[in-house]
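Please read the structure below before turning to the comments.
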Amino acid sequence: MIRQNISGKRMAIGLVLRAMSRRGIHQDDLIVFMDGDAVLAPGILRKCCPLFENDPKLQAITTDEEVICYGPKWIQSWLTMRFAQRRIAMQSHSMANKVLTLTGRMSVFRANHLTRHKFIRMLEADHLHHWLWGTFRFLSGDDKSTWYYMLTQDAKMLYVPDALVYTIEEIEGSGIERMTQNFRRWSGNMLRNGTRALKLGPNKIGFFIWWCVMDQRIAMWTMLVSPIVAIAATLLHDPYYIVSYFIWIAISRMVLSLFLFRYSNSMHIEWPFILYFNQLLNAAVKVYCLARLSKQRWTNRGNQSSGSGDSFADQMKNFMAAYITTVWVVTLVMTVLFYTGLVGFPELGYWL
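When we follow the UniProt record's numbering, the leftmost residue of the sequence shown carries the number 1, and every step to the right adds one.
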């Protein structure tokens, strides 16, 4: 038992790992990372630990998750859908001997990497150098920092689909603000770590995983294309375009939901609508966060926040971030309009 004498989850983990390192544990011993509000399903260690004995190259595994939600019913449905999406993605990624995150709810590691000073120091003080925001430390996302370190070591990582952990969510109010804050935290951590993961290259981390990380950055823009086309076509040509778009959304998201139902413990009739709202809001939040990587907030841990200074320099940086985001969005809109022919290029004589 280690008494935490310093604030912050990252520092607490570092404190424990340093104690283990001084103790001189064996490099093949297993270390379990687990959140305090997680509930383990029966037999989870029995399903996880033998994998390391059977495969000496295995360095880390992450587990399946299910939610126990105290709050609005639609939030319960949304989180259940999110975990169904997670199962599909994790099983696919694991086939490449890598995953896209080593979730903090519960992951198991071989000790030889985790007791190294380089790993401990990175976990405690992980940071990023940004051209606009300078050098800033990560507030949350310790699981992503751990994942990135394992990528740099070309470590084998797996997902165990039958090892279940329950996550507890207590939601007050309508849940919209909590949903948005979760997206900001998840998307921010993904963008901060995805950039440096891409720099490792496909030869280091494998082409499939490298492309999955790249796809996360592409998808936030492509998701916005269809609503832009629908709205522009409705305003510029015929209002029935928006009706056709809603019909397309209903059919396509219903088909996607049919696939998700197989990976869920329950079925929800509202999933097609929640799925589209989830995709649209997630894309918008990622675009917003892309120019504001230093802005961090963690409502699950005492409402911690960082990157929200009020000095003149901070205000100018915020203005620049807003300007950059506006340029990106306008460029996307104009590119889509010109590409689809909804707006034509001016005649050459117009400029003469």
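All C-beta atoms in this analysis are idealised placements derived from N, C-alpha and C, irrespective of residue type, glycine included. Remember, it's a predicted structure, so these values are computed and weren't measured experimentally.
The DSSP assignment places complete alpha helix (DSSP H) segments of no fewer than 4 residues inside the stretch 122 to 164 at 142 to 152, in order along the chain. Look at the stretch 20 to 50 and you find these whole runs of beta strand (DSSP E), each 3 residues long or longer: 30 to 34 and 38 to 40. Here residue 232 carries a helix assignment [DSSP, helix/strand/coil]. Taking C-beta separations shorter than 8 Å and ignoring five residues to either side along the sequence, the partners of residue 47 in its chain run 160, 162 and 163, following chain order. Judged by beta-carbon spacing, residue 132 lies within the 8 Å limit of residue 317, meaning their Cβ atoms are closer than that value. When rounded, the separation of the alpha-carbon atoms in residue 109 and residue 203 is 24 Å. The C-beta distance from residue 141 to residue 192 rounds to 7 Å, short enough to fall under 8 Å. In the structure shown, residue 60 falls within a strand segment according to DSSP collapsed to helix, strand and coil. Between the stretch 113 to 133 and the stretch 227 to 234, the count of Cβ pairs shorter than 8 Å is below three; the stretches do not touch. For residue 186, the closest of 104, 150 and 111 by C-alpha to C-alpha distance is 104. In the three-state scheme derived from DSSP, where H, G and I count as helix and E and B as strand, residue 101 is classed as coil. With distances taken between CA atoms, residue 63 lies nearest to 41 out of 268, 345, 54 and 41. Setting aside the 5 residues that flank it on each side, residue 223 is surrounded in the same chain by 279 and 283, each with a C-beta closer than 6 Å to its C-beta; the list follows chain order. When Cβ pairs closer than 8 Å are counted between the two stretches, the stretch 248 to 257 is seen not to touch the stretch 91 to 100, the count staying below three. The beta strand (DSSP E) runs lying completely inside the stretch 208 to 283 and spanning 3 residues or more number zero. Per DSSP, reduced to three states, the secondary structure at residue 178 is helical. For the 8 Å CB-CB criterion, residue 112 and residue 156 do not form a contact. Secondary structure of residue 106 (DSSP, three-state): strand.
Here residue 272 is buried. Its C-beta has 16 or more other C-beta atoms within 10 Å. Check the Cα spacing between residue 66 and each of 175, 33 and 38: the tightest is with 38. Bridge pairing for residue 68: 168 [DSSP]. Here the alpha carbons of residue 61 and residue 9 stand approximately 20 Å from one another.
Under the DSSP assignment, residue 76 falls in the alpha helix (DSSP H) whose first and last residues are 73 to 94. Ranking 342, 345 and 290 by CA distance to the CA of residue 327 puts 290 first. Excluding the 5 residues flanking it on each side, residue 196 has same chain C-beta neighbours closer than 8 Å at 128 and 148, in chain order.
Straight through space, the alpha carbons of residue 275 and residue 21 are spaced by roughly 45 Å. Separation of residue 335 and residue 23 (C-alpha to C-alpha, rounded to the nearest whole angstrom) is 59 Å. With a 10 Å radius around the Cβ and a threshold of 16 neighbouring Cβ atoms, residue 322 comes out exposed. Within 10 angstroms of the beta-carbon of residue 312 lie fewer than 16 other beta-carbons, which makes it exposed. Straight through space, the alpha carbons of residue 239 and residue 99 are spaced by roughly 44 Å.
Secondary structure of residue 315 (DSSP, three-state): helix.
In this chain, the alpha helix (DSSP H) harbouring residue 111 covers 111 to 114.
Counting only the Cα atoms, residue 150 lies some 23 Å from residue 83. Each residue's CA atom was taken as its position, placing residue 347 and residue 219 some 33 Å apart.
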